[in-house]
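In the working numbering, the protein residues as written are 1144 to 1256.
Report on the structure given below.
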């Protein structure tokens, strides 16, 4: 069995409008840049400080994460969009790459020194 992989196909302009809603924000950062820390802060601000979640991944969407090679984009969109409390709720989304210029995004960075 192959390990999970990441793909950026969901960030293409023809796809991101399928899962991104008004009020959503994409948190995009390189490894060790504080991306998960930023996702936690975004969740805490949006939820009024509610930290009762079991796993941070339950609080944000991640359409780049493929559980297996045949994990199609439409399956990932359905799975991750189900994390919204209601269809009109906004959620933060995790990304490894910088999204399209017109997407609302937070991009944490790290000073290597």
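Backbone N, C-alpha and C fix where the C-beta goes; we use that ideal spot for every residue, glycine too.
Per the coordinates, the alpha-carbon of residue 1176 lies some 30 angstroms from the alpha-carbon of residue 1230. Nearest to residue 1251 by C-alpha distance, out of 1155, 1159 and 1180, is 1180. A Cβ-Cβ distance of about 6 angstroms is found for the pair residue 1234 and residue 1204, placing them in contact under the 8 angstroms criterion. Between residue 1149 and residue 1185, the alpha-carbon positions lie close to 22 angstroms from each other.
For residue 1236, the uninterrupted beta strand (DSSP E) segment begins and ends at 1235-1238. The three-state reading of DSSP puts residue 1229 in coil, since its state is none of H, G, I, E or B.
For residue 1171, there is no enclosing alpha helix (DSSP H); the residue is part of the beta strand (DSSP E) that begins and ends at 1168-1171. Minimum Cα-Cα distance from residue 1245 among the listed residues 1146, 1160 and 1145 corresponds to 1160.
When the beta-carbon positions are compared, residue 1239 and residue 1217 stay at least 8 angstroms from each other.
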